[in-house]
Amino acid sequence: MLTLYKSPTCAYCPQVMKYLDTKGVEYTTVDITEDREAAQLLWDKGFKTVPVTTDGETYVAGPKWGEIAKLIRGE
12 MLTLYKSPTC
22 AYCPQVMKYL
32 DTKGVEYTTV
42 DITEDREAAQ
52 LLWDKGFKTV
62 PVTTDGETYV
72 AGPKWGEIAK
82 LIRGE
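In terms of the working numbering, the sequence shown is residues 12 to 86.
Shown next, in the form of structure tokens:
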């Protein structure tokens, strides 16, 4: 299952969520404004913005459809 890190003010987060929904992908969302540990995790990995989509190993920042498609396929 994928995880999408997001924030309420993120313009791209709904686009990524819609993309995942359209593909029928199960995912969880984590709002980094409510979960400081998650925000720190992303910061420690070098991410300064959301959305970040991950399978737990690979992290994709932004609406990079090709890279997110690879996550969906497990590549």
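Don't be surprised by glycine CBs; every beta carbon is placed ideally from N, CA and C.
Fair warning: this is a prediction, and the values are worked out from it, not measured in the lab.
At the level of alpha carbons, what is the spacing between residue i and residue j?
i, j, result
"Thr20", "Glu78", "23 Å"
"Thr40", "Tyr30", "14 Å"
"Gly73", "Val61", "6 Å"
"Val63", "Gly35", "18 Å"
"Thr33", "Glu68", "23 Å"
"Lys81", "Val27", "14 Å"
"Glu45", "Arg84", "30 Å"
"Arg47", "Ala22", "20 Å"
"Cys24", "Ala50", "15 Å"
Apart from the five residues just before and just after residue i, which ones in its own chain have a Cβ nearer than 7 Å to its Cβ?
i, result
"Trp76", "Tyr30"
Checking the sheet assignment: what are the DSSP bridge partners for residue i?
i, result
"Thr14", "Thr39, Thr65"
"Val27", "In the DSSP output, where bridge partners are listed per residue, Val27 has none listed."
Going by other Cβ atoms of all chains shown within 10 Å of its Cβ, with 16 needed for buried, is residue i buried or exposed?
i, result
"Lys17", "buried"
Given a cut-off of 8 Å, decide if residue j and residue i are closer than it, judged by their beta-carbon atoms.
i, j, result
"Lys59", "Tyr70", "no"
"Leu13", "Asp66", "yes"
Quick one: what's got a C-beta closer than 8 Å to residue i's C-beta in the same chain, skipping five residues either side?
i, result
"Glu37", "Met12, Leu13"
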